[in-house]
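Under mature numbering (1 follows the signal peptide of the UniProt record, and there is no 0), residues -19 to -1, 1 to 528 are what the sequence shown spells out, in order.
Glycine is no exception: its CB is placed at the ideal position from the N, C-alpha and C atoms.
Remember, it's a predicted structure, so these values are computed and weren't measured experimentally.
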Amino acid sequence: MDLLCWCLFFMSCLQTLSAHNDFFTSIGQMTDLLYTEKDLVTSLKDYIRAEENKLERVKRWADKLDLLTATATQDPEGFLGHPVNAFKLMKRLNTEWGDLESLVLSDTTDGFISNLTIQRQYFPTDEDQTGAAKALLRLQDTYRLDANTISVGNLPGVKHKSHMTVEDCYELGKIAYSEADYYHTELWMAQALKQLDEGEQSTFDKVTVLDYLSYAIYQQGEIERALGFTKRLLELDPEHQRAKGNSKYFEFQLEKQRKALEVETEKQKERGKRETSEKKKPKEKKPKEKNPKHQIPERTKYQMLCRGEGIRMTPRRQSRLFCRYYDNNHHPMYVLAPVKQQDEWDRPYIVRYLDIISDKETERVKQLAKPRLRRATVHDPQTGKLTTAHYRVSKSAWLTGYEDPMIEKINQRIEDLTGLEMDTAEELQVANYGVGGQYEPHFDFGRKDEPDAFKELGTGNRIATWLFYMSDVAAGGATVFPDVGAAVWPQKGTAVFWYNLFASGEGDYSTRHAACPVLVGNKWVSNKWIHERGQEWRRPCGLSENE
């Protein structure tokens, strides 16, 4: 009966998990796993109590017989001369020891194992563990964190500090190794070795860690360092076959490099002698390029902006940004209660609306979205179909105005403040970011090389983007525009708005933007993509391409 109750209870708790996968892509859905684990711990404690109860009964039996046999064996014949003692010996050996055997063999694991079996089918997969590990490595690179900082839990804004064990560091290094990512393999195996050297107890020994570490360093071309760690390994385990072979190979390669360097040095000396003996004609100097443009790779700019570094707006431009009370040309809804609006950037023009969505509305939107969250997808330009991508780590859901009055009210608010038609806009998309959740640089609008990007909608291109921030984020999670150097940080209850297209209908390529990885916290956003159709009289066409 108890087992049946447990089964029904857990089945009801886990129904919401049955359709979910990719847990690592949504912190919101990962919270369900904490309650699942809590239930498992409760079940485990019940099992422990049952086992302790059984062992206590066995212990009492053993203590009683220990005393009895100690007395009986001092004078066996005298002891058995008492007929009751003789009867009880027959009874114990024929019946009571059999009962004890049944007690010892009785299985108290049924309830716990049944609960575990039921829940295991909803557990995270290898893909989730690998995804979470890669997220840690991504955060390490984006925010320039060393392995020790992450391992001891010294992250900005953390409430619940968590230390990584040698096993954790080793597993992270091993996942990087399986992806042939030898740079991160070295970082995390070195951290595991550091913690072992400091005396931390672990199921992994230094030999295993050094084996991975030396190979990862060799793969990065640092043979001398790899040899040093291999020699350290051999000091601990002189019979390690792979290390013995690697040591010989590394020494051979180093000798080969030394000889090649000697040959090259001799050649340079010979060339130097010939050049000094010959008369050299004066070479014409090539004119230097005036103001050579130093191009910073987009990914570097993106990561710099995520860290709060990078391009800064000049004081002159900064002085042209204002905050104001805004009523959208005396809109009836906002004449008496205008909203707070502030300029975030000038080109492209990005504005933020403050206190634009209430806590009650935010919670309702999240409540509606959470059961529907699915791995966020992107348009594949080759197939034209929606697919998941490593550069977009989040889950999203779509909410329509007709299913809840509050969604309709929010849609109407966006229309009133932007002056744009919402009937042709896409539904409200709600997104929750996972471990290190991000969306790398992308455009919201369809480019000229994607003429069929939104053909199936029949509403034209995405003219503008409205983005609600529905949570504060302790660290990371900014919306950045790498081409212009803009960074907009999440602030609960606010929204940002920008046009993706010029009034002419041409795409504004400066609106290429990205969602930075969430370092600490839980990021919830919702956005409205507004389309061209229906805006003909609301935002008339411009006469020049960039107007």
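Item, Value
"N-terminal and C-terminal residue of the alpha helix (DSSP H) that I29 is part of", "8 to 53"
"Nearest to K436 (by Cα), restricted to the options H512, N135, Y158, S485", "H512"
"Top-ranked residue by Cα proximity to M403, from Q516, R239, E148", "Q516"
"Closer than 7 Å to chain C by CB, R520", "No chain C appears in this structure, which consists of one protein chain only."
"Residues bridged to D324 (per DSSP)", "V332"
"Buried versus exposed call for C304 [16 or more other C-beta atoms within 10 Å across all chains shown]", "exposed"
"Contact belief for V374 with G415 at Cβ below 8 Å, rounded distance in angstroms", "5 Å"
"Between the CA atoms of E32 and H165 - distance to the nearest angstrom", "44 Å"
"Where T405 falls: helix, strand or coil (DSSP)", "coil"
"Buried or exposed (CB count within 10 angstroms, at least 16 for buried), A(-1)", "Low confidence applies here, because A(-1) scores a pLDDT of 44, under 50, leaving its location unreliable; read the following figure in that light. So A(-1) counts as exposed."
"Delimiting residues of the alpha helix (DSSP H) encompassing A197", "187 to 200"
"Alpha-carbon to alpha-carbon, Q284 and Y124", "7 Å"
"Straight-line gap, T440 to N481 (C-alpha atoms, nearest Å)", "15 Å"
"Stretch-stretch touch, CB-based, cutoff 8 Å, three pairs: the segment 126 to 144 with the segment 90 to 109", "no"
"Sequence-distant residues of the same chain with beta carbon closer than 6 Å to L208, five excluded per side", "F231"
"Outcome for G79 when other beta-carbon atoms lying within 10 angstroms are tallied against a minimum of 16", "exposed"
"E342 in three-state terms, based on DSSP", "helix"
"W510, enclosing beta strand (DSSP E) - first and last residue", "505 to 512"
"Short Cβ contact (7 Å threshold) for R298 with D327", "yes"
"Where I156 falls, given that 16 or more other Cβ within 10 Å makes a residue buried", "buried"
"Exposure label - W510; buried when at least 16 CB within 10 Å", "buried"
"Residues that DSSP places opposite R355 in a beta bridge", "S377"
"Proximity below 7 Å, CB of D464 to CB of T446", "no"
"G466, DSSP secondary structure in three states", "coil"
"Through-space distance from A496 to C287, alpha-carbon basis", "9 Å"
"Nearest-angstrom Cα separation, counted from P432 out to R443", "12 Å"
"Burial state of I331 (16 or more Cβ within 10 Å)", "buried"
"Residue(s) in a DSSP beta bridge with W447", "F478, K509"
"S339 classed as buried or exposed, judged by whether at least 16 other C-beta atoms fall within 10 angstroms", "exposed"
"Collapsed DSSP secondary structure at T281 in the structure displayed", "helix"
"First and last residue of the uninterrupted beta strand (DSSP E) at R428", "Looking at the DSSP string, R428 is not in any beta strand (DSSP E), and its letter there is neither H nor E."
"Burial state of P471, where buried means 16 or more other Cβ atoms lie within 10 Å", "buried"
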